[in-house]
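Number of protein chains: 2
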Amino acid sequence: MNIQNLIKQNHLELLFQQGLFGIEKESQRVLADGSIVTTEHPKAFGSRRFHPYIQTDFAESQLELITPPSKTLEEALRWLSAIHEVVLRTLPEDEYLFPLSMPAGLPPEAKIKVAQLEDEEDVAYREYLVKSYGKYKQMVSGIHYNFQLDTEFVDALFNSQNEQKSAVDFQNDLYLKIAKNFLRYQWVLLYFFSATPTVDKKYFRGSSPLKPNQYVRSLRSGPFGYVNDPEIKVSFENLQAYADSLEYWVNSGKLIAEKEFYSNVRLRGAKKARDLVKTGIQYLEFRLFDLNPFAPYGMTLEDAKFIHYFILLMAWLDHTASQEDIELGKTRLAEVSWEDPLSPTAYSVEGELLLLEMQNMLNAIQASDEIKSIVKEKFAQFENPGDTLCANVVIAMEKFGGDQKLGADIAKGNKKNALERFYALSAFDKMELSTQALMFDAIRKGLKIEILDERDQFLSLQYGDHIEYVKNGNMTSYDRYISPLIMENKVVTKKVLAKAGFNVPRSVEFTDIESAVKNFPLFENRAVVIKPKSTNFGLGITIFQQGLQNRDDFAKAVEIAFREDKEIMVEDYLAGTEYRFFVLGGETLAVLLRVPANVMGDGVHSIKELVAMKNEHPLRGDGSRTPLKKIALGDIEKLQLKEQGWTIDSIPPRDQIVQLRANSNISTGGDSIDMTDQMHESYKKIAVGISKAMGAAICGLDLIIPDLAKPAEPHLKSWGVIEANFNPMMMMHIFPYIGKSRRVTLDVLNMLFPEMK
Amino acid sequence: MNIQNLIKQNHLELLFQQGLFGIEKESQRVLADGSIVTTEHPKAFGSRRFHPYIQTDFAESQLELITPPSKTLEEALRWLSAIHEVVLRTLPEDEYLFPLSMPAGLPPEAKIKVAQLEDEEDVAYREYLVKSYGKYKQMVSGIHYNFQLDTEFVDALFNSQNEQKSAVDFQNDLYLKIAKNFLRYQWVLLYFFSATPTVDKKYFRGSSPLKPNQYVRSLRSGPFGYVNDPEIKVSFENLQAYADSLEYWVNSGKLIAEKEFYSNVRLRGAKKARDLVKTGIQYLEFRLFDLNPFAPYGMTLEDAKFIHYFILLMAWLDHTASQEDIELGKTRLAEVSWEDPLSPTAYSVEGELLLLEMQNMLNAIQASDEIKSIVKEKFAQFENPGDTLCANVVIAMEKFGGDQKLGADIAKGNKKNALERFYALSAFDKMELSTQALMFDAIRKGLKIEILDERDQFLSLQYGDHIEYVKNGNMTSYDRYISPLIMENKVVTKKVLAKAGFNVPRSVEFTDIESAVKNFPLFENRAVVIKPKSTNFGLGITIFQQGLQNRDDFAKAVEIAFREDKEIMVEDYLAGTEYRFFVLGGETLAVLLRVPANVMGDGVHSIKELVAMKNEHPLRGDGSRTPLKKIALGDIEKLQLKEQGWTIDSIPPRDQIVQLRANSNISTGGDSIDMTDQMHESYKKIAVGISKAMGAAICGLDLIIPDLAKPAEPHLKSWGVIEANFNPMMMMHIFPYIGKSRRVTLDVLNMLFPEMK
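Chains as they are written, first to last, in full-length UniProt numbering: chain A, 1 to 757; chain B, 1 to 757.
In structure tokens form, the structure reads like this:
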């Protein structure tokens, strides 16, 4: 079988470049000085029994962060970024993630606790490792890179040949070819990506094998790294031989389990090697990679792409490495790992030839210019060893005064960056903030997330076999369909709530001035609001708080309202303050007061300056990327100031509140103040009842309440509901300007998955 | 208290004219010759235990149709029309509603069955009536007119005076004033609206009191009508006296119950007169009115409006009738009822004075021109008795050869009219046909309907305390909110269905030509459809049924698709026929095949003529007012003909099908063919599963199936789902062009109210 011809003849070039990618990244939790913590795995990260994203590797202190299988590397790294942000923001204040593979500030061995997993076997295995290798050697971290060829590609390739009759055998042969060639040529990847030039002396049980000031390319992949006894040789000849030899070493007691075989390629698809013969190899796990301390999450996108095409090259090559070749490859890996990172490698000619082969492949499969230029850059590193990652790490270590100091500095910087926009998930920043908050909580709890439509904010969440779909962070299967339809229609909302016995202001609609004015007698002497049916930040609204006395006044108000809409409402005016109630299930979880955009005078600064100062607040921004908005100084604000006798250059006296807007919307710079604890319980119960009457699981309700401390009475003077919203802004409750944060997205998840509580 | 001044001073003119209206209308079920049926009350009208609209009065044959309380008379008569259409379309084919109050073709008394109500007391009461009055007298029908003043008006009036301290007493006095004055002046209404000039001789127990060829104004309101023994006098002085005297007659055995007191005004608000003292009179029931045989439903809107203002006049008058006045009024009523309908009344001067008073009132309260002109017209009838309703009835009876023949003729015409657009409810014809069908079924079953928003197709349905809201006839609380959101997004729909293991065609989306063409290799050799993301009647679609071979062909198809939309899809082509499955709850209730607009040749007519003939079908029309649409002969149809080598003047041979459209939409003249019974059960089960996977209670699913008779197999060659619709057109299943009707609206109601089954 000539794979190159088959790909060409069957136009499989594009499918060949597709696949599934998954990244597993280990790192040690450390304190500010880079020393490894001795605390337990934080409870906030949920249960390791099932957590798909956040696990521990060997030790309690050693986090393992796992991305879901992703169709592109971009996608995989987005998840890696999001999981990191969740971890970094959830860690105790004094804890960080160490960015280097080799542990630096190692505690006394007795203080290192192996991961406290629920499965006893998992714990026992770790205890065995302690005995065999000592705890320090197990504290090394790295990245595992999982790759699956596109199944359609494998099928198409199989169908285009007739040497191999069995589809499973065909697939196994293909993956084995990749594995074998990878083991033969892996030293090339190590040359580019290794980053473990030195380590704390404590790490070695005896004396350090490193001479003073000696740096190597990779301690982790060298003989003192995370490797098996050289005696243990496993055949990759075929799956049968692989399973036979692996079982031999386990039966002989040299390995306690198959997973103790630390190959840089693992064949994946079944728990036992023997089972792979039947099920077939599904994907490969490449375990060679040191953490890149300069990449915020351990590996750059460019490097991940290079590795992808390197793996493809292993399939593309004309030849397949023999068992001897594999041993040669391993030896070469050991040699290169012990080379001086600032000097050229002894095998640069072989490396260059391989990259030439890679460039041929890229041309043959019409790969993108991007990957071609990445390969070109790496190619040059054979001539310029100082450009390799490891050389740069050495230089940085020298500059910072050692690995621990360098690591500590980077760790702190990474955490600071992750905390900067603490209300967002950077990788998913095109989605709404509330969906980002929900995803944050879902990642933390360990729900499997699938983004079904990013622009449409459509997620699938899964725990075990239980799947729930969520749109906009709060639209779920728990709401009845009729309830948003009721809320969408203000007239219907009022009728439904009135039928159910709740206080709603009476209102009448008109579609022309004449009939409205004709009905003046119906409103005479009543406190009413005349407003366009769709209100736009308060435009066109007239309020007669003291009661409507005069037909002409009414006619004028009607006319003003009709300037803004084709339909107007005359509604009973409710005196009091408007509060937003957030109801979920049978509970009012949050109550918020929204205050129109304003500044408070200090007798020193002008209004313009006060606005600029207030706009510095970390929650304020432009557009939809922050929970609160900056106060503008546009025409509407200037008009508002003028009505109060101010200009933007006026200097208001100390403690004087200056209103910049009439409407209280957060979107026009309003303040949000949490009032959940101040609100009398009776109103919270009413809000729950209103929500139930509309069949809503989640909704936002606007109530007018004159005195939030007095118990509710059953008439409009005590309270009235003026609006119901089926897509309430959750962000304003999670990140209020003043008052306690209410993490309502977590409540959404608890509602959807009560079994996880 | 001077009510006129209070209204003027407090600007209550408008509120005074508002109120609540309800109509109860009795009629006998008759055969084509006008003879009363002896069949039972049809089971199809649901249970009389609770039915709010369709009841029986005295006899099994005597229907009583009841409108809900309505804010306007227009609204009340709309309901009366709708209830009539439901009844007329549901009656056995040979049954009609007799349009005259006096029964004509009376069966032998023994054959008349009193209404078989569940409540034994109700039946016993009727048996008592039989003994006291005989069955025939109880067979008389009429209209009861219920009226409630606007409660706000009564409150405002009460608050504006200080003579009466108790609000309940004030309200009782007001209603009593209306009742007393009404009893005094009711003869005026009789003069205008009576319509019972004669009756079948059998009706009288002895010989007829009518001379040969004598006609009177109202047999029904005269001494031989539906009246009590003249001895029975009840005081209207005040509520106390009313209750006392009524109880006296019941205790003395002259009345078996309070309800046997056949006053032309009944005080309403409690079951017993005594309770009214506490609860207050809530509304009045006026029972004076004969059926108007010329009004399709017994009373015209104009007459109903006149009666409304006549009632208001009774409140408006300066004086309140004394007990003596009431007796005078009753005597006068008896006299006028026995007058010759073609001659002037003896009391025309009093009548004219009263109408002058009415005109003064209309001016004072700024009533509409419409009511003023109605009053003017009635005024003239004092001079022209030949214009009264009764005179016209006499003339018609003479013309048709008697009351029975006239009644039978009108009855048949009314039924014919009601059947003409059998798929619609005329009074609610601005709503969607599916909502009209649902309302039809709800009226028939006896669910209380409230239209919350007519334009928005928003209904409230109620049985006992159980309320359900329905929008568009099929959006309910049974659907989960997430399910329409899933179906709204085609990409999400596919992902959700694929996750759940259903067959969906693979598809890839592109936003530019270049990237689409670049991906050609992914589709090579596959049967695919290239289409704009939003398809508009098939424009821009290219199908490669035999597999895509050529990059240029693909590029051209991509280009064509991009002419129609900014986003295109390349989707696996599924060979087979598209069927629409209607799923409700756990069942596939209907399967429909939609065939593009077509005609079948007969070798004689041109295509143009064939189209015209096909368009004659009663289900076909323009716009949205019919279940099927007429076939157009526009550019698209002509192009379609041209491609087949036809013009609109071609005469296709016998049995040749001529396609006029490529798309199968009903909205462009397509045919609908019910295939529910032909479809293999296995596909129906799959459709139910798909609906469940999306959390939908009701949905429409489009499946491609090559062979509907063969059981489904688990791959795309056997079936595939291509679309899910959360607002499926129910009309096409209820009124298919060919095949069995599936009354799915009734299934919606059975789902919402399982307790009614």
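Glycine residues also receive a C-beta, built at the ideal position from the N, C-alpha and C atoms.
Note that this is a predicted model, so its numbers are computed, not measured.
DSSP places T745/A in no beta strand (DSSP E) but in the uninterrupted alpha helix (DSSP H) bounded by 744-752. Listed by position along chain A, the residues whose Cβ is nearer than 8 Å to that of E564/B form an empty set, because the closest Cβ is around 21 Å away. For the pair S160/A and N2/A, the CB atoms are not nearer than the 8 Å cut-off. Setting aside the 5 residues that flank it on each side, H84/B is surrounded in the same chain by Y297, each with a C-beta closer than 6 Å to its C-beta; the list follows chain order.
Straight across, the Cα-Cα distance linking S534/B with P728/A is about 30 Å. For L176/B, not one C-beta of chain A is nearer than 8 Å to its own C-beta.
Shown in chain order are the members of the region 523-550 of chain B whose Cβ falls below 7 Å from a Cβ of chain A: E524. Between P103/B and Y203/B, the beta carbon gap of about 7 Å places them in contact (Cβ cut-off 8 Å). For I543/B, the enclosing beta strand (DSSP E) covers residues 542-544.
Inclusion of K131/A and A59/A in the CB contact set at 8 Å is not warranted, their separation being larger than that value. Only residues of its own chain outside the window of five on either side were considered, and among them M102, L219 have a CB closer than 6 Å to the CB of V199/B, listed in chain order. For K448/A, the three-state secondary structure derived from DSSP is strand. Boundaries of the beta strand (DSSP E) harbouring S507/B: 507-510, taken from the DSSP string. The Cβ atoms of Q462/A and K448/A sit closer than 8 Å to each other. Take the alpha-carbon of N181/B and the one of Q282/B: they are about 18 Å apart.
If you keep only unbroken beta strand (DSSP E) runs of at least 3 residues inside the region 709-748 of chain A, you get 720-725. Burial check for Q171/B: the Cβ neighbour count within 10 Å reaches 16 or more, so the residue is buried. By the criterion of at least three beta-carbon pairs nearer than 8 Å, the region 410-420 of chain B is not in contact with the region 378-390 of chain B. The beta carbon of Y469/B sits closer than 8 Å to some beta carbon of chain A. Take E578/A, set aside five residues on each side of it, and the residues of its chain with a beta-carbon closer than 6 Å to its own are D702, I704, in chain order. The continuous beta strand (DSSP E) containing M600/B extends over residues 598-600. K608/B sits in a helix when the DSSP states are folded into three classes.
Close CB contacts of G105/A within its chain, under the 7 Å cut and outside five residues either way in sequence, are with V30, D33, G34, S35, I36, Q404 (chain order).
With distances taken between CA atoms, G603/A lies nearest to I657/A out of I657/A, D369/A, H308/A. For M569/A, the enclosing beta strand (DSSP E) begins and ends at 568-572. Non-local beta-carbon contacts of E237/A in its own chain, meaning distances under 7 Å to residues more than five positions away in sequence, involve Q323 in chain order. Residue-level contact check: I734/B does not touch chain A, since none of the beta carbons of chain A fall below 8 Å from its beta carbon. Contact annotation: Y53/B and I443/B have beta-carbon atoms nearer than 8 Å. With a cutoff of 8 Å on beta-carbon distance, A709/B and W719/B are scored as not near each other.
As computed with DSSP, T331/A is found in no beta bridge at all.
Residue Y573/A holds the alpha-carbon nearest to the alpha-carbon of Q545/A among Y573/A, D552/A, K165/A. Cβ-Cβ separation between R594/A and S672/A: approximately 6 Å, consistent with a contact (criterion under 8 Å). For M487/A, the three-state secondary structure derived from DSSP is helix. Per DSSP, the beta bridge partners of M475/A are K471/A. Using a Cβ-Cβ cut-off of 8 Å, Y248/A does not count as an interface residue toward chain B, since no Cβ of chain B sits closer than that to its own. Within the region 469-486 of chain B, the residues whose Cβ lies closer than 8 Å to any Cβ of chain A are, in chain order, Y469, V470, K471, M475, T476, S477, Y478, D479, R480, Y481, I482, S483, P484, L485, I486.
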